Ligand code: B12
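Numbering (our numbering), first residue to last: 1 to 231.
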């Protein structure tokens with residue numbers, strides 16, 4: 001366990017390491033955190049440190065103050081750090097019984113995978129069986145995977161204003177194929193929002209990995225209760 005001041009200090013350093021594209025420091029922070037911090041502290045470090053840093057890089061890129069190679073380098077730095085932290089997160093929270101089955105993907109046309117992988121890891125840490133289809137996944141492949149694996153839920157990540165349309169495409173296709181009621185659908189990623197989720201008929205929107213996990217637990221428990229009531 002670390003103190004609040006230690007967590008905040010490490011958050012600031014992690015943020016700076018991403019902004020300055022300093023891989024060695026990012027790795028050193030991740031290693032220190034993985035050996036000293038609890039799962040909750042690790043999540044705080046990711047959200048308030050590494051993620052805060054990459055959001056600054058994203059803003060600067062959006063304003064034309066940083067360029068694509070720097071965006072790529074920042075993402076690689078963050079992925080190296082998360083690769084060290086994520087196994088620790090998973091092993092720290094694992095429960096015995098699989099809680100439910102989730103198919104997760106970044107939708108067609110979208111190559112962003114850092115946030116989707118975080119959601120995937122935290123769901124696994126909380127006892128979900130997760131089938132992670134990766135990035136740039138076409139609608140029919142997502143639906144087929146959900147059917148084949150008899151998933152409880154489909155999670156769709158999209159970070160671009162153009163690719164959120166593919167989240168709608170998945171829901172529309174489920175509807176047309178008569179499978180809409182077979183799966184809960186949760187959407188997320190920087191370009192999606194609660195209002196977009198409502199507009200396209202998703203069951204939920206999750207703002208971050210922690211919220212995504214809480215919602216997944218609620219939605220799946222709720223639908224199991226309904227099934228039990230009918231029996
Ligand atoms: C890193 C990054 C990249 C990296 C991605 C590397 C990788 N392996 O993922 C690279 C360099 C490849 C990249 C490419 C591009 N990018 Co980019 N990228 C980013 C950046 C800076 C950070 C994204 C990130 O990893 N954040 C950290 C993670 C932890 O956060 P997150 O993804 O939001 O995920 C969290 C939540 O959203 C949520 N969540 C995520 N997924 C899901 C799913 C579910 C179901 C749920 C419930 C929750 C959930 O939980 C996560 C944990 O908290 C964003 C900036 C931003 N504001 O998002 C731009 C950004 C998304 N990119 C942008 C652009 C324009 C591009 C490019 C078009 C650039 C170009 N000219 O080529 C390409 C597009 C490539 C493509 N076809 O996808 C724009 C999008 C603008 C728009 N409105 O559409 C942004 C907003 C930057 C900007 N300000 O201009 N990018």
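Think of the CB as a built atom: it goes at the ideal place given N, C-alpha and C, for glycine as much as any other residue. Model, not experiment: these values are computed from the prediction.
Runs of alpha helix (DSSP H) lying entirely within the stretch 134 to 188, each at least 4 residues, in chain order: 139 to 148, 164 to 177
Nearest to residue 67 by CA position, among 21, 217, 84, 105, is which residue? 21
Would the stretch 128 to 145 count as touching the stretch 154 to 170 if we require 3 or more Cβ pairs under 8 Å? yes
May I ask which residues mark the beginning and end of the beta strand (DSSP E) holding residue 218? Not the beta strand (DSSP E): residue 218 falls in the alpha helix (DSSP H), residues 209 to 230.
By how many angstroms is the C-alpha of residue 5 removed from the C-alpha of residue 48? 13 Å
Nearest-angstrom beta carbon gap, residue 150 and residue 101 [assumed within contact, 8 Å]: 7 Å
Cβ of residue 278 versus every heavy atom of the ligand B12: is any distance shorter than 7 Å? In the structure as shown, the chain starts at 1 and stops at 231, and residue 278 therefore has no counterpart that could be examined.
How would you label residue 227, buried or exposed, when you count the other beta carbons within 10 angstroms and need 16 or more for buried? exposed
By how many angstroms is the C-alpha of residue 201 removed from the C-alpha of residue 192? 13 Å
Using 10 angstroms around the beta-carbon of residue 122, count the other beta-carbons present and answer buried if the total reaches 16, otherwise exposed. buried
For residue 25, report the span of its alpha helix (DSSP H) as first-last. 23 to 36
I need the straight-line Cα distance from residue 179 to residue 73, nearest angstrom please. 41 Å
For the stretch 74 to 81 against the stretch 47 to 66, do three or more pairs of beta-carbon atoms, one drawn from each stretch, fall closer than 8 Å, so that the two count as touching? yes
Exposed unless 16 or more other CB atoms sit within 10 angstroms - verdict on residue 177: exposed
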